[in-house]
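Our numbering applies: residue 23 is where the sequence shown begins, and numbers increase by one.
Even for Gly, the Cβ is constructed at its ideal location relative to N, Cα and C.
Being a predicted model, the structure only gives us computed values, none of them experimental.
Reading through the structure tokens given below for one structure.
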Amino acid sequence: MAEQINPWSSTPKVNMNRLFEDFGIDPFEPQKERLGDLPAFMRRNIIQGHRGYDAISDAIVNKKPFHVLTGFMPSGHPHFGHLMVMKEVVWHIQQGGQGFISMADREAHAVRGLSWEKCDEYAREYMNCLYALGFKGEIYSQRRNNALKDLSFEAACKINFSNLSAIYGFGADTELAHAMSVSTQVADILYPQLTAGIAPTVVPVGIDQDPHIRLTRDVTNSLRMFYVEDRKTHISIRAKNASPEAITAVAKAFKGSKKYEGHIDLPAGFTVDEVETVIRRIEQEFGGFGFMLPSSTYHSFLMGLQGGKMSSSVPDSLVWFDDAEKDVKKKIMSAVTGGRQTLEEQKTLGGEPEKCSIFQLNKFHMMEDDKELKNMCEACKAGELMCGTCKKETLERVRAFLSEFKEKRDETAHMIEW
Ligand code: TRP
């Protein structure tokens, strides 16, 4: 039996390998060959898994339209733990994707009990970071977006309580608003296709958000009126929730097709892609959506400076973008490393960068150059680079990053409309 992942836990225990097998997440590695020029987070295997990314790499390589959307719960200040997803969104926009960000104020209010005023305050901070990193596109508030709320209701028509209990462990004492924040997130993921046209959509998230992705893919299928089956010798179209008029329209759209009770067979010669395109248009004409299945990427989490998960509930585990200089220094200098018990031991055995929060910080964000990172890693393993020196150098990089990021945020602050 597959384990459940609780997306609202501050310490989700996830074993990546088990998870991939249990839930059918695909490893990201094979995608890299198709893409050509890779950003650091792909070169360094920080993105580890995906669902349906073929549609996205295909769109990138062949310059076809696609969307990128993610969401942030504005329940606290943004910090280093949010930076990866932000960079992933911006990169996909640079590859031609149309960008969307959901400010999940409904979720923050329902699940974390935040006031709307507080949500707005934090939402502005997230927006500021995104614009400073080069985000272009639409950023919306869940609670103010009526089209989203209507879509969320349609999604809710396809979700029942046993789905919610199987996926999230919801029970008799789960608030209805919590369940509504789930259908709102499903709507978030489909929203780009609602407002900006049917196209593949990639949702970069941490692995803890996979339950939402799975649910959304199920809902997307349930919302379809037709199911296109490739029978190899011919294509067959099965009607699921289609009216007789819609079925007739489909039969008319394909010359030589044969209409049966509940399905339509096409003569040889059509491709699945062209059939899907026509079917989606017909679904829309008859009041449906015709959404494509959304895709996702899963990045591994940045290790907290105290060793465990980076989490806002453990203040010393992370650096906030607006931390005071002395706090940044304290947190970096007291971070858990892969160093040995004594200096002697470290010189002979070498350090263990794979266990080191400081190495991870460099790998994720503080060192753009692969060669430099490799040298650092090797010097550590060879016992040549000591933790004290390495921390001081990293602190300098963090300081430089923070002051530059602050400057960029000041420059782009005028873009915030909220
Ligand atoms: N639930 C997400 C979180 O806890 C935030 C979120 C809301 C989201 N809507 C989304 C993430 C849509 C991805 C896509 O951080």
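Query: Helix, strand or coil at residue 28 [DSSP, three-state]; Result: coil
Query: C-alpha distance - residue 118 paired with residue 392, whole-angstrom precision; Result: 25 Å
Query: Pair within 8 Å by beta-carbon distance, residue 115 and residue 159; Result: yes
Query: Beta-carbon contacts of residue 63 that lie in its chain and below 6 Å, excluding the five residues immediately before and after; Result: 69
Query: Option in 394, 429 and 203 with minimal Cα separation from residue 412; Result: 394
Query: Cβ-Cβ distance between residue 272 and residue 248 below 8 Å; Result: yes
Query: Spatial distance of residue 230 from residue 275 (CA atoms); Result: 43 Å
Query: Best match in 339, 88 and 42 for proximity to residue 71 [C-alpha to C-alpha]; Result: 42
Query: beta-carbon residue 58 near the ligand TRP non-hydrogen atom, thresh 7 Å; Result: no
Query: Own chain, CB closer than 6 Å to residue 192, minus 5 neighbours either side, in chain order; Result: 186
Query: Any non-hydrogen atom of the ligand TRP within 7 Å of residue 211 CB; Result: yes
Query: N- and C-terminal bounds of the alpha helix (DSSP H) containing residue 200; Result: 198-218
Query: Beta-carbon proximity check, residue 131 vs residue 342, cutoff 8 Å; Result: no
Query: 8 Å contact criterion, which residue 133 and residue 200 should meet: CB distance rounded; Result: 6 Å
Query: Pair within 8 Å by beta-carbon distance, residue 128 and residue 206; Result: yes
Query: First through last residue of the alpha helix (DSSP H) which encompasses residue 524; Result: A question about residue 524 goes unanswered here, because the residues of the chain that appear run from 23 up to 440.
Query: Cβ-based neighbour list, residue 23, same chain, cut-off 8 Å, excluding 5 preceding and 5 following; Result: Low per-residue confidence applies at residue 23: pLDDT is 46, beneath 50, and the placement is therefore not dependable, though the value from the model is reported in the following sentence. Counting only Cβ-Cβ distances below 8 Å, and skipping sequence neighbours, we find nothing.
Query: C-alpha gap between residue 307 and residue 268, whole angstroms; Result: 8 Å
Query: Residues that DSSP places opposite residue 178 in a beta bridge; Result: Answer is none; residue 178 lacks a bridge partner.
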